[in-house]
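A.B. asks:
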Amino acid sequence: MIVSASNPLLTGSGQFSSIKYYATFYLRRHLATINTCFRNILSFPKDPKVLQYMTTYVEHLKQASKTSSSRLRLDYIRGNLELKIRPSETKHGHKMRTKGFDLGVRFKCDESQPHIFGYGGRNHGGLTCSATQRHALLLFKFSINHSYDGHDFPCHADLGSGYYPIMMQWRTSIDCCNWDGVTCNHLTGDVISLDLSCGMLQGTIHPNTTLFNLPHLERLNLAFNDFTGSQLPPEIGRFSNSLTYFNISQCGFMGQVPSDISHLHKLVSLDLSSNYFDFRIQPHVFYNLLHNSTSLEELLLHNVNISSSLPTYLNLSSLKSLNLRSTSLQGKLPDNLFSLQHLEKLDLAFNNDLTSQLPKVNRSTSLPLKWLDLSFNIGLSGEICYSIGHLKSLNHLDLSYTYLSGEVPYSIGHLKSLNYLDLSHTGLSGEIPYSTGHLKSLNTLLLSSCGFVGPLPKSIVNLMHITTLDLSSNMLNGSLPSELFTMNSLKELSIGGNQFVGEINVLDKGLTLQTFQQLVNLTQLDLSFNSFTGHWDLDTLLSSLKTLVELRLSYSGLSVITNNSNRYVNPDFLVLFMASCKLTVFPESLRAMKKLQYLDMSSNEIHGCIPDWAGEIGGDELYFLNLSHNFITGLPQFQWGGLSYLDLQSNVIQGSFPPSICNMRNLWYLDMSNNSFTGVIPQCSRNIILSIALIDMGSNRFQGTIPNVYEHCGQLMGLILNGNQLEGEGAEFFVQMSILASLLPRKYFQNFGAMKNVVKKNTKPDYLIVNGKFYSIIVTVKGLQLSFEKFFVDYTIVDLSHNKFDGEIPNEIVSLNSLKVLNLSHNNLNGRIPYTLGNLSEIESLDLSWNQLTGEIPQSLASITTLEVLNLSRNHLVGRIPHGTQFNTFEGSSFGGNSALCGFPLAKHCEHASAPKLEVDGEEESGFTWKVVMLGYGCGTLLGLVLGYLMLSTGRPKWFNAIADMVHRKYMIYIGK
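Shown next as structure tokens:
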């Protein structure tokens with residue numbers, strides 16, 4: 002609540018100067034500096050008397066703090082109130098009192114909406130706290146647990162730099178009007194305000210709690226305590242005639258918000274923001290609340306499940322702040338949303354069921370709106386109206402992750418107060434308007450992953466206060482303005498994933514280096530995936546940009562050189578991406594990066610053994626390492642206990658399985674494929690099974706059997722062992738795979754929708770991000786790599802081809818009842834084809850070719866109506882080929898190389914058969930060669946298994962049609978952003 006001249010607390014019912022005042026201010030534990038800035042508080046009194054009393058208040062505070070070295074200052078300039086207090090010594094929880102000044106104030110200040118959020122006036126002229134109300138407060142205290150470990154509570158930074166056991170000094174020997182957090186009416190002694198926020202309270206709020214026995218309570222703040230699992234009692238409705246301020250945010254309340262909440266018709270501020278989405282408000286309760294509480298200035302329901310639409314017209318003329326972030330709002334936005342004359346903050350982000358366009362702004366009105374966040378609403382479409390330029394008070398605008406389209410209007414440049422603008426991940430296109438350079442107050446500009454084209458406007462260099470500039474993943478072209486590298490306010494510069502050209506050389510000397518040296522505050526630089534030219538001396542760059550902690554140059558066209566000189570490197574360096582930068586050696590600069598977390602040096606020309614010291618880069622901090630597609634022959638002993646991603650594929654590494662990998666117990670992804678590893682897969686690999694999700698050891702020279710480690714799997718999603726010399730009985734192997742007995746529903750596979758793959762070597766990195774973790778899967782069609790962006794949503798594949806498995810096809814395989822593709826080709830399997838394979842009712846492709854199978858083809862296979870690809874060639878099958886809807890569509894190549902088979906579609910007639918003749922295709926194995934992944938269900942999570950190559954016969958099955966047109970498409974992903 003804003004303290005104003007009309008407040009009886011300050012006016013004292015006409016006796017302003019005669020009231021005795023005293024003040025309290027809580028200095029929190031660990032508090033080194035309190036800096037509270039009140040911006041644009043138009044209702045704060047400008048009366049010089051008030052300023053005089055506030056100044057007196059600060060002076061008394063200074064005396065009461067008894068810290069001679071404390072510095073306190075109060076400034077009131079152009080409507081801004083700034084209080085700075087720097088105490089040198091304070092004791093947690095101590096209250097500082099003065100005589101002659103009766104104003105208790107607690108402050109809140111953030112960049113979005115600074116305001117006073119707590120105040121209180123107390124009378125000490127004889128009236129004391131009501132005995133009944135004191136008793137009610139004590140009973141409430143005894144019904145609640147108290148924790149003195151502040152770390153157990155999510156206390157917001159705006160409420161103080163620590164926690165305070167606020168009811169600790171509630172004792173009968175002290176008048177309850179003097180208790181911390183309690184404020185009484187100075188005339189009647191009634192408790193009118195209870196502020197227990199961040200009070201380290203823990204327990205359950207019961208319906209019969211004596212908290213509701215305070216009939217005159219106007220303000221109740223329980224925010225940032227721990228009432229996890231409590232339901233808000235309907236008795237809250239008892240305060241219908243008094244309560245104006247109610248805050249239970251981040252307390253862990255769950256269940257239904259009682260309908261009685263709508264009876265609080267005097268509410269000015271309501272904050273029910275929740276840590277759990279299980280805190281729900283029924284649509285009719287929500288509508289009644291909006292209808293009855295017409296005096297609301299602040300309505301904050303962040304993360305409360307509303308699952309309803311807003312009324313077509315909002316009758317909240319006094320509303321200043323509306324936060325319905327992540328509430329499952331539905332439908333359209335109210336027509337008068339931008340006509341609420343006092344609205345300053347509007348946050349409707351993360352409501353994907355909104356299906357609306359941006360409401361138009363009334364040109365004839367000057368709205369005070371300062372904060373507008375509609376991000377992460379995929380149902381928000383249409384264009385940004387030109388009238389948005391009338392929101393001249395706006396300082397925060399976030400429309401990211403929406404379906405907005407069209408061009409950014411030139412009027413965006415009229416928002417002169419704007420300091421944060423995020424339009425990233427939208428369908429916006431066209432050129433970046435020149436007027437963007439007019440936003441002189443802007444410090445953050447995020448325009449990534451849109452469809453912007455054309456050159457970067459030169460006016461961008463006019464943003465002299467800009468700290469974060471992200472233009473990545475667009476189609477911007479041309480050269481960069483040279484002044485871009487003189488913007489010394491820049492901390493983060495990301496222009497990767499565009500079509501920028503031009504020569505940039507960073508060597509020991511030259512103008513470019515002198516220009517870069519002006520970026521004294523730069524911490525992140527991303528030039529990746531562009532078409533620059535030039536040479537960069539890594540050692541010179543790192544020693545020049547002393548604050549740099551992230552550098553991304555992958556596929557930028559730049560050639561990185563290193564002279565391995567002993568120069569300064571920021572020891573706090575975190576991210577270094579230099580894929581396809583023509584590196585030939587392991588840079589010595591990496592040796593000093595003790596905290597490195599991400600390192601990508603893939604697709605370079607690094608030859609020979611990795612130096613021994615490289616095994617210590619980053620220590621336990623290293624999370625991601627990609628050295629794939631080089632000419633590395635040997636590895637050092639690894640010391641990376643925290644590594645989650647290790648990609649060594651496509652090198653020439655020889656020797657046995659590195660035993661140090663078995664010690665990487667946090668490993669999530671491991672790719673050792675396309676090398677020359679030999680020997681057996683060690684039993685110690687079971688050490689990483691608990692954390693590993695994807696393993697690719699294909700195309701090596703591993704021998705022996707597959708270790709029996711599946712019973713230990715925790716998160717295993719994929720195991721790729723194709724192209725080795727593994728052996729063993731197929732039946733035994735499938736017994737180990739019994740965990741695949743049931744498959745996950747399709748909705749689980751939707752996590753793979755963000756898959757991005759390399760199209761061809763040395764063009765893009767093959768990173769896949771699922772829930773923030775990285776891995777890659779390469780799929781090949783006749784030598785070209787293919788993106789499987791949507792394939793895994795619907796299809797499950799088992800591929801055990803090109804190994805030395807023998808024995809019979811096990812019946813256990815039919816437990817994979819959602820199988821789409823089964824490939825057991827190129828093994829030594831014998832015996833009959835199980836009749837039970839006909840139970841695979843979802844299968845679309847079946848390849849059993851190049852084995853030693855005998856007997857007849859089961860008639861049950863002909864009953865599979867989904868089967869579109871079949872290859873049983875090169876076996877020892879006999880008898881008549883069954884008839885069936887799908888079998889009648891297969892060509893002779895599906896059955897060739899089985900001398901004792903007869904019947905359609907083969908030319909060989911069976912006895913007493915009259916099947917029509919059909920010319921046999923000379924190619925017995927035409928089609929495509931794929932490297933694929935089987936996705937199944939194992940140990941409660943997704944399991945993928947690829948052990949070979951799938952030889953598809955002719956034809957285009959459904960699952961192929963879905964992805965065939967993705968060939969040659971290029972994708973990129975920026976990790977860690």
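Add 1 to a position in the sequence shown, counting from 1, and you land on the number used in this note's numbering.
Backbone N, C-alpha and C fix where the C-beta goes; we use that ideal spot for every residue, glycine too.
Keep in mind that this is a model prediction, so the values were computed, not measured.
#1: Do you know offhand how far residue 531's Cα is from residue 435's?
#2: For residue 542, I'd like the list of residues in its chain whose CB is within less than 6 Å of its CB, leaving aside the five on either flank, ordered along the chain.
#3: What's the call for residue 965, buried or exposed, on a 16-neighbour Cβ count within 10 Å?
#4: Put residue 388 into one of helix, strand or coil per three-state DSSP.
#5: Run through the segment 664-708 for me and flag every whole beta strand (DSSP E) of 3 or more residues, listed as ranges in chain order.
#6: Three or more C-beta pairs closer than 8 Å, one from the segment 837-848 and one from the segment 819-829: is that the case here?
#7: Check the DSSP bridge columns for residue 901 and list the partner residues they point to.
#8: Can you say whether residue 402 is buried or exposed, counting buried as having 16 or more other CB atoms within 10 angstroms of its CB?
#9: Once DSSP output is grouped into helix, strand and coil, what is the label at residue 326?
#10: Would you decide whether residue 540 is buried or exposed? Buried here means 16 or more other CB atoms lie within 10 Å of its CB.
#11: Using a Cβ-Cβ cut-off of 8 Å (strictly less than) and excluding sequence neighbours within five positions of residue 624, which residues of its own chain qualify?
#12: Taking the straight line between their C-alpha atoms, what separation do you get for residue 544 and residue 516?
#13: Can you tell me which residues form a DSSP beta bridge with residue 647?
#14: May I ask you to report which of helix, strand or coil DSSP gives residue 236?
#15: How many angstroms separate the CA atom of residue 250 from the CA atom of residue 147?
#16: So is residue 500 buried or exposed if we call it buried at 16+ other beta carbons inside 10 Å?
#17: Can you tell me the Cα-Cα spacing of residue 134 and residue 179, whole angstroms?
#18: Figure out for me which residue from 901, 887 and 571 has the closest Cα to the Cα of residue 880.
#19: Indicate whether at least one CB of chain C lies closer than 8 Å to the CB of residue 358.
#20: Going by DSSP, name the residue or residues bridged to residue 728.
#21: Using the Cα positions of residue 387 and residue 143, report the straight-line distance between them to the nearest angstrom.
#22: How many angstroms separate the CA atom of residue 810 from the CA atom of residue 878?
#23: Please work out which residues of its chain come closer than 7 Å, Cβ to Cβ, to residue 360, disregarding the five sequence neighbours upstream and downstream, and give them in chain order.
#24: By the three-class DSSP mapping on this structure, what secondary structure does residue 609 have?
#25: Leaving aside the five residues before and after residue 909 along the sequence, list all residues of the same chain whose C-beta is less than 8 Å from its C-beta, in chain order.
#26: Kindly indicate which residue of 378, 419 and 379 has the alpha-carbon position closest to the one of residue 396.
#27: Hey, residue 432 and residue 455: beta-carbon distance below 8 Å or not?
#28: Got a sec, what are the start and stop residues for the beta strand (DSSP E) residue 533 sits in?
#29: By the 10 Å Cβ neighbour count, where 16 or more other Cβ atoms means buried, how is residue 550 classified, buried or exposed?
#30: Which of the three DSSP states, helix, strand or coil, is assigned to residue 546?
#31: Taking residue 553 as part of the beta strand (DSSP E), name the residues at either end of that continuous run.
#32: What does DSSP give as the partner residues of residue 247 in its beta bridges?
#33: Do three or more CB pairs link the segment 281-289 to the segment 225-234 at distances below 8 Å?
#34: Under 8 Å, do residue 1 and residue 291 count as touching if we go by C-beta distance?
#35: Using 10 angstroms around the beta-carbon of residue 190, count the other beta-carbons present and answer buried if the total reaches 16, otherwise exposed.
#36: For a test of the three-state rule: what should DSSP assign to residue 416, helix, strand or coil?
C.D. replies: With the given structure in hand:
#1: Walking along the sequence shown from the start, residue 531 turns up at place 530. Walking along the sequence shown from the start, residue 435 turns up at place 434. Those two C-alpha atoms are separated by around 23 Å.
#2: The residue given as residue 542 occupies position 541 in the sequence shown. Spatial neighbours of residue 542 in its own chain (CB-CB distance under 6 Å, excluding positions within 5 residues in sequence) are listed in chain order as 507.
#3: As a working note, residue 965 is residue 964 in the sequence shown. Because the pLDDT at residue 965 is just 30, under 50, the model does not fix this residue reliably, and the value given afterwards should be weighed accordingly. The residue in question, residue 965, is exposed, as its Cβ has fewer than 16 Cβ neighbours within 10 Å.
#4: In the sequence shown, the residue the question calls residue 388 occupies position 387. In the structure shown, residue 388 adopts helical secondary structure according to DSSP, grouped into three states.
#5: The segment 664-708 contains these whole beta strand (DSSP E) runs: 670-672, 677-681, 695-697 and 702-705.
#6: Yes, since at least three Cβ pairs between the segment 837-848 and the segment 819-829 fall closer than 8 Å, the two stretches touch.
#7: In the sequence shown, residue 901 corresponds to position 900, counting from 1. Beta-bridge partners of residue 901 (DSSP): 879.
#8: Taking the sequence shown and counting its residues from 1, one reaches residue 402 at position 401. With 16 or more Cβ atoms within 10 Å of its Cβ, residue 402 is classed as buried.
#9: Position 325 of the sequence shown, counted from the first residue, corresponds to residue 326. Correct three-state label for residue 326: coil.
#10: For this step, residue 540 is matched to residue 539 along the sequence shown. Per the 10 Å Cβ criterion, buried.
#11: By one-based count along the sequence shown, residue 624 stands at place 623. Contacts found: 598, 599, 643, 644, 645 and 646.
#12: If you number the sequence shown from 1, residue 544 lands on position 543. If you number the sequence shown from 1, residue 516 lands on position 515. Distance between the alpha carbons of residue 544 and residue 516 is about 14 Å.
#13: Within the sequence shown, residue 647 is the residue found at index 646, counting from 1. Beta bridge pairing from DSSP links residue 647 with 626 and 671.
#14: Along the sequence shown, read from residue 1 onward, the residue named residue 236 stands at position 235. Annotated three-state conformation of residue 236 is helix, per DSSP.
#15: As a working mapping, residue 250 is identified with position 249 in the sequence shown. As a working mapping, residue 147 is identified with position 146 in the sequence shown. A straight line joining the alpha-carbon of residue 250 with that of residue 147 spans about 18 Å.
#16: Within the sequence shown, numbered from 1, the residue matching residue 500 stands at position 499. For residue 500, the number of other beta carbons within 10 angstroms of its own is below 16, and it is reported as exposed.
#17: In the sequence shown, residue 134 corresponds to position 133, counting from 1. In the sequence shown, residue 179 corresponds to position 178, counting from 1. Between residue 134 and residue 179, the C-alpha separation is close to 13 Å.
#18: Residue 880 sits at position 879 when you count from the first residue of the sequence shown. In terms of CA proximity to residue 880, 901 leads the group 901, 887 and 571.
#19: Checking the listed chains, one finds no chain C in this structure; it contains a single protein chain.
#20: As a working mapping, residue 728 is identified with position 727 in the sequence shown. According to DSSP, residue 728 bridges with 805.
#21: Taking the sequence shown and counting its residues from 1, one reaches residue 387 at position 386. Taking the sequence shown and counting its residues from 1, one reaches residue 143 at position 142. Those two C-alpha atoms are separated by around 59 Å.
#22: As a position in the sequence shown, residue 810 is number 809, starting the count at 1. As a position in the sequence shown, residue 878 is number 877, starting the count at 1. Cα to Cα, residue 810 sits roughly 14 Å from residue 878.
#23: To locate residue 360, count along the sequence shown from 1; it is residue 359. Excluding sequence neighbours, residue 360 sits near 334, 336, 338 and 339.
#24: Translated into positions along the sequence shown, residue 609 becomes position 608. Secondary structure at residue 609: strand, using DSSP grouped into helix, strand and coil.
#25: For the purposes of this step, residue 909 is taken as residue 908 along the sequence shown, with counting starting at 1. These residues qualify, in order along the chain: 902 and 903.
#26: If you number the sequence shown from 1, residue 396 lands on position 395. Comparing C-alpha distances from residue 396 to each of 378, 419 and 379 shows the shortest one belongs to 419.
#27: Looking up residue 432 in the sequence shown gives position 431. Looking up residue 455 in the sequence shown gives position 454. Cβ distance < 8 Å, so residue 432 and residue 455 count as in contact.
#28: By one-based count along the sequence shown, residue 533 stands at place 532. Counting along the chain, residue 533 sits inside the beta strand (DSSP E) bounded by residues 532-534.
#29: Locating residue 550 in the sequence shown gives position 549, counting from the first residue. Per the 10 Å Cβ criterion, buried.
#30: Along the sequence shown, read from residue 1 onward, the residue named residue 546 stands at position 545. Residue 546 falls in the coil class under three-state DSSP.
#31: Within the sequence shown, the letter at position 552 stands for residue 553. Segment 551-553, the beta strand (DSSP E) holding residue 553.
#32: Indexing the sequence shown from 1 puts residue 247 at position 246. As a beta-bridge residue in DSSP terms, residue 247 pairs with 221 and 271.
#33: The answer is no - the segment 225-234 does not touch the segment 281-289, with fewer than three Cβ pairs under 8 Å.
#34: The displayed coordinates of the chain run from 2 to 978. Any statement about residue 1 would go beyond what the structure contains.
#35: Taking the first residue of the sequence shown as position 1, residue 190 is located at position 189. Flag for residue 190 reads buried.
#36: Taking the first residue of the sequence shown as 1, we reach residue 416 at position 415. DSSP places residue 416 in coil when its eight states are reduced to three.
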